[in-house]
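In our numbering, the protein residues as written are 165 to 618. Reading through the structure tokens given below for one structure.
The following block contains the structure:
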């Protein structure tokens, strides 16, 4: 006989008598935490403080995406672009709040796949889990490309770029290997520090070497394609929510997760806005993407050298996320999760290696990989960072706060949740369209290179 699902809402149990579920579904969304707390376990997961989580979030989100933001100002104008950056930061904080509330209501949610299973069933679990792994692998590959660009700039293109991707992939693999996120926290601190320092060095370099006769655009009128192409840079610069469930699952006090979200969104929004404005004001409409290529060679090398550590760490963290999802899915609540077993470490190592290897192969073998990153971001990050949050709110209000009547009693929240879903759908469709059109134009213009070349 099917049983009624039991939820835990901020420590208080709630039984939804209007719905039934299987034991499997209860395990994916009930009150049992994804990681058990037991002193006898050899591997302890729930060890992260909110400060450590905020640093890991900053290190992952405030990374190579920031380098494309100044070019958005050149397309749509400084005022609309800055307004968009600030709005998306506030919007990202709102969706983070909904995501964190959903996690607190369903402690056993470890990934977006678990959340999808609770809301929509087994098909959604597989789609969202696949999307998380795919986006993490693509994110890792993107960071490897940034690492390759950094090393190529530092060496004056003195080594084949294909070899540089392999070298940086090996470093990312080593970074991803620790089984628990607390072992990566100190690298998160270093990574957040270096990307911040790199941003300041870039701004100093731009200020010390302003482009003569530069032109600036306050507001600009442009077509939909060019405008949304520019908008995708700030939209996806905040695309890190897909990792939140995994990070919160390893916190000592998940109730403090919102503090980490405030730190992340506050820092990212201010830093994004300041970096974009300063770089654009001193370089003007000729600013490139990444913006560091618009700096004099010495300043570009200095900035890339500092930012390199962040690129490598972010690639490793993306790989760790993909591997952690699959590993917990295979061994959930088994001894291989909590003990140093041969099978557990073998599978974990193979998963990390596979994640980095696939990312490196995509970066080397697929000439349109940079465009595919945009498609992956549109298909998955648009939902993970924005759209799904609306579903989280609607689901929990419906099941935990009185069904349809509960939604009617909260018209403002319901309206905002629905608009959030619509926003996610729009970003997904428009972003995919723009990315596909870019691929078509690149092939038509002969801009697509060949695989496995330097």
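Note that the Cβ used here is the ideal one computed from N, Cα and C, for glycine as well.
Strand pairing of residue i, partner residues [DSSP]
i: residue 221; result: DSSP lists no partner for residue 221.
i: residue 415; result: 212
Proximity below 9 Å, CB of residue i to CB of residue j
i: residue 464; j: residue 369; result: yes
i: residue 617; j: residue 532; result: no
i: residue 384; j: residue 598; result: no
i: residue 237; j: residue 250; result: no
i: residue 124; j: residue 316; result: In the structure displayed, the chain extends from 165 to 618; residue 124 sits before or after that span and is not available.
i: residue 446; j: residue 363; result: no
i: residue 301; j: residue 529; result: no
i: residue 264; j: residue 380; result: no
i: residue 282; j: residue 270; result: yes
i: residue 375; j: residue 453; result: no
i: residue 261; j: residue 413; result: no
Delimiting residues of the alpha helix (DSSP H) encompassing residue i
i: residue 151; result: The first residue shown for the chain is 165 and the last is 618, placing residue 151 beyond what the model contains.
i: residue 506; result: 506 to 529
i: residue 345; result: No alpha helix (DSSP H) holds residue 345; DSSP gives it neither H nor E.
i: residue 560; result: 552 to 564
i: residue 307; result: 286 to 318
i: residue 605; result: 575 to 608
i: residue 234; result: 233 to 240
i: residue 321; result: Per DSSP, residue 321 belongs to no alpha helix (DSSP H) and is neither H nor E.
i: residue 484; result: 461 to 495
i: residue 398; result: 388 to 401
i: residue 499; result: 499 to 502
i: residue 540; result: 533 to 540
i: residue 569; result: 567 to 572
i: residue 426; result: 421 to 447
Burial state of residue i, where buried means 16 or more other Cβ atoms lie within 10 Å
i: residue 608; result: exposed
i: residue 615; result: exposed
i: residue 347; result: exposed
i: residue 604; result: exposed
i: residue 350; result: exposed
i: residue 319; result: exposed
i: residue 484; result: buried
i: residue 186; result: Legend: pLDDT at residue 186 = 40, less than 50; position of this residue unreliable, no value from coordinates given.
i: residue 388; result: exposed
i: residue 417; result: exposed
Interface flag, residue i vs chain B, CB-CB below 9 Å
i: residue 220; result: Among the chains in the structure shown there is no chain B, since it carries only a single protein chain.
Quiz item: Between the stretch 547 to 561 and the stretch 594 to 602, do at least 3 Cβ pairs fall closer than 8 Å?
Solution: no
Quiz item: Can at least three beta-carbon pairs, one atom from the stretch 306 to 316 and one from the stretch 474 to 489, be found at a separation below 8 Å?
Solution: yes
Exercise. Evaluate the contact criterion for the stretch 508 to 517 versus the stretch 547 to 559: three or more CB pairs, one atom per stretch, below 8 Å.
Key: no
Quiz prompt | Inter-stretch contact at 8 Å, needing at least 3 Cβ pairs: the stretch 196 to 216 / the stretch 387 to 404 | solution = no
Quiz item: Are the stretch 285 to 294 and the stretch 204 to 219 touching by the rule of at least three beta carbon pairs closer than 8 Å?
Solution: no
Quiz item: When the Cβ atoms of the stretch 216 to 227 are set against those of the stretch 421 to 431, are three or more pairs found closer than 8 Å?
Solution: yes
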